[in-house]
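Worksheet for the structure shown next.
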Amino acid sequence: MASILGRRYLRCHHGGMCHHYRGQKNAPEFYIGEFSIRVNLALLTPELMAPEKGYWPLKDVPVIRLEHGDRALAVCKWGLLPSWWKPKKEDEKPDATQKGMYNAKSETVDTKPSYRSAFKSRRCLLLGAKFEEKGHYFSLPDDRPFAFAGLWESWHDGEIVSCTMLTTEPNEEVRGVGHHR
Numbered sequence: 051m052a053s054i055l056g057r058r059y060l061r062c063h064h065g066g067m068c069h070h071y072r073g074q075k076n077a078p079e080f081y082i083g084e085f086s087i088r089v090n091l092a093l094l095t096p097e098l099m100a101p102e103k104g105y106w107p108l109k110d111v112p113v114i115r116l117e118h119g120d121r122a123l124a125v126c127k128w129g130l131l132p133s134w135w136k137p138k139k140e141d142e143k144p145d146a147t148q149k150g151m152y153n154a155k156s157e158t159v160d161t162k163p164s165y166r167s168a169f170k171s172r173r174c175l176l177l178g179a180k181f182e183e184k185g186h187y188f189s190l191p192d193d194r195p196f197a198f199a200g201l202w203e204s205w206h207d208g209e210i211v212s213c214t215m216l217t218t219e220p221n222e223e224v225r226g227v228g229h230h231r
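FYI, the numbering for the sequence shown is 51 to 231, going by this note's numbering.
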């Protein structure tokens, strides 16, 4: 995040990033040009790209991932569910696991069993325009949409397609509101 949103590129709005962000309504042509999306263009709807209440864990979020070498828009449930996950109890729901997996530390995704496989071959970009941290919104100065680094996973042959957002140490501006990631 710090490399995308450096101090001079951030604007703070009074209002953690780790669990809430917002999109932005733009014409489909904007996203096609800005992010070179080539596949699944019909998904570029205001409902997906800028839901009224923003994006929250366990809800659908727009991601860009590679499909046959092209950038494709896809919908993922925010909160990674590893492909190997099995319920421990008969009535256990995937959501219980996903609640704790909407963020992953960039420094450890290559070694953690839950993320290792996705890190090797299923990377994605989560599209957003601002994120919230402790009552403050952060965006680029011109309010243009940007992308968060992420990983995606498919469980039970696509029954659930999920993702996680990669986090890292905060830059000075985000750290200034008292957040550690």
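We put the beta carbon where it would ideally sit given N, CA and C, even for glycine.
Since the model is a prediction, treat every value here as computed from it, not as a measurement.
Around the Cβ of Ala199, a 10 Å sphere holds 16 or more other Cβ atoms; the residue is buried. Put simply, the backbone Cα of Val224 is about 10 Å away from that of Glu182.
For Asp120, the beta-bridge partners assigned by DSSP are Glu117. A direct Cα-Cα distance of roughly 6 Å separates Arg172 from Trp202. Within the DSSP secondary-structure output, Phe181 pairs in a beta bridge with Tyr71, Phe188. Under the 10 Å beta carbon count, Gly228 is surrounded by fewer than 16 other beta carbons and is classified as exposed. Straight across, the Cα-Cα distance linking Ser164 with Ala77 is about 36 Å.
Gly73 places its beta carbon less than 8 Å from that of Pro101.
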